[in-house]
Structures are given as C-alpha cells and as structure tokens.
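Participant: For what it's worth, the numbering used here labels the leading residue of the sequence shown as 2, then goes sequentially.
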Amino acid sequence: MCMLLKLQCHFRLLLKENFSTTATRLSFSATAQKDLSKETTSFSLKCENARLTSGEFFAKIKESVGSDANDEEFTIPRPAYDALAAEYDVLLEEIATFKISFICMQGINSDIYIYIQNELQLLTDIYIGKKLLIIVDKYIRAIAEIENVRRRGQKQTEETKVFAIQGFCKDLLEVADILDLAISAVGKEELENNVPLKNLFEGLEMTRTLLQKAFMKHGLKQISPEGEKFDPTLHEAVFQVPKEQSKLESGSVAQVIKIGYALQNRPIRAAKVGVVQ
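1. Just the C-alpha distance for Ala238 and Val163, rounded to the nearest angstrom, thanks.
2. With DSSP as the reference, please indicate the residues paired to Gln223 in a beta bridge.
3. With H, G and I counted as helix, E and B as strand and the rest as coil, what does DSSP make of Gly275?
4. For Glu160 and Gln256, I'd like the C-alpha separation in whole angstroms.
5. Give the secondary structure of Pro197 by DSSP, where H, G and I count as helix, E and B as strand, and everything else as coil.
6. Nearest by alpha-carbon distance to Leu173: which of Leu212, His236, Ser247 and Lys218 is it?
7. If you run the structure through DSSP and keep just helix, strand and coil, what is Ser251?
8. How would you write the range of the beta strand (DSSP E) that Ala177 sits in, first residue to last?
9. Does DSSP put Glu229 in a helix, a strand or coil?
10. Spatial neighbours of Ile260 within its chain, please: CB distance less than 7 angstroms, with the 5 preceding and 5 following residues excluded, ordered by chain position.
11. Rounded to whole angstroms, what is the Cα-Cα separation between Glu190 and Asp181?
12. Counting pairs of beta carbons, one from the region 261-270 and one from the region 214-221, are three or more of them closer than 8 angstroms?
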C-alpha cells in the first residue's frame, strides 16, 4: 500500500510538472517569448510527438523512482494498474482542455469567444436535430414495415387455414352431385304410390340440406348462374343456345348443367353452363 501511495505521488507530480511546462509553452504573452531550447524538463508525456501509452508512462515512473523501489516492490497489482491508467487518461484530457482554454483566454477576444461558442452550440443543435429526424424517420419506417409483415403473415395464415380444406371440399362436391342426381331422378308420381321410396327420398333431401349447411358454415357456396351474364372466371361454357330459342340476351347463361362452387369467394369448381349466342 505504501508503494502504491508513493507511485501515485510521483504520478501526480510528474503530470503537474508536464502540465506547467505545457502551459508555459502555450502562453501568448510577451514574457513567454523566451528561448524554449534552454527549457529543460525532467519528464514529458510525449515521445516523438506522440502521447505516451500507459505502459510507457509506468516505465517512466519506475525510471523516475529509481533506487526508491526494487523490481518486486514496483510490481503493481492489476486493479491498481487499471486505476492509475484511468487516472492517467483523465488527466491527459484535463491537460488538453486546459490548452484549449488557455489559448482562448490569451489569444481571442472574449466577445469573439462567446460568439464562437454560441455558433458552435447552434450548429450542434441543428446537427442533433437532423440526426433525430433521421432516427425518427427510420423508426417510423421500421414500425410500418413490421406492421406490413405482420399483416401479410396474418393474411397468409388465414388463407392457409381456409384453403387447407380445399381438396377435402372438392371430394365432397362429388357426393353432393350424386345426391342431387338421385333426388332429381325420382318422380312425384312414384312418391305418392310408394311409401318406402318416399321415406328414402325425404332422407336424401335431409342429407342434402345438412350437407349444404356444412358447406355454408365453412365458406363453400354454390354457383348457379342461370339468367346471369356469363363470367369466364366462374363459368365454363359447354354449349351454345341459339338466340331465337331463348328470351335472354346474348352472352347470358341459359342453362346450368353442373353447379359450381366457390370457397371463400374463390372458385374451386366452375359451373358448367349453356350460353345464349
């Protein structure tokens, strides 16, 4: 501990000496115009016009201490070394600040100095303001991009959930078609005279009704465009009807051969139709 205190004393004295010498060199007064070649210092923080590193600085201290300390005694614990090195860097900053202040006080009129300080502050504020605007703009753009990505992801997730059942729905459409054919194949006269057939027919109708409700529940809707304008995105024309055989306008759907279906407004099977010429 005594050795560390001794080193700190040398440390401060050597920096103070350098500090005083530097201040004398930077003086702009008439008394400072002396022959600097005659000036000698026992210690300097510069080595070939470059600042000493912490290691070089401690070597200087050891050299200055001389016979007061042997090699074992001079070995500095790492925490103490780091603390002294930090103090060294801080004092170097203080010396640099002193130099600037000294020049300003000795060589520049105080009004000019205040003006320069104000201008520098203004320029600094403008620079910081522009930087802040850039940062805010980047932040807003980043938020917008994140929101767009979130919406796209949400939309894709919803579409994936909806259209994952598309293949299953297509298979069920064949069942619905067979039910429709079976129901349409039974005549009313046959139902009146055949009770078992009537019961079977009613069961088929109930099955078709429940199936259509299930389709509606999952967004599967029928496309039965009879009398509507032909739409190539929803309809498939399989034949044409002469104009004189239909009261509908040209290009209208005269007959639906096979009902189409759309899942969440996206057609998964076009309706097969006959179109008026």
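Glycine is no exception: its CB is placed at the ideal position from the N, C-alpha and C atoms.
Facilitator: In short:
1. The alpha-carbon atoms of Ala238 and Val163 are separated by roughly 28 angstroms.
2. Partner(s): Tyr262.
3. DSSP, read as helix, strand or coil, puts Gly275 in strand.
4. Here the alpha carbon of Glu160 sits roughly 33 angstroms from the alpha carbon of Gln256.
5. Pro197 falls in the helix class under three-state DSSP.
6. Shortest Cα-Cα distance from Leu173 to any of Leu212, His236, Ser247 and Lys218 involves Leu212.
7. Ser251 falls in the coil class under three-state DSSP.
8. Per DSSP, Ala177 belongs to no beta strand (DSSP E); it is in the alpha helix (DSSP H), Gln167 to Ser185.
9. In this structure, DSSP gives Glu229 a state outside helix and strand, which the three-state scheme calls coil.
10. Same-chain partners within the cutoff: Gln223, Ile224, Ser225 and Ala272.
11. Taking the straight line from one Cα to the other gives about 18 angstroms.
12. Enough Cβ pairs lie closer than 8 angstroms, so yes.
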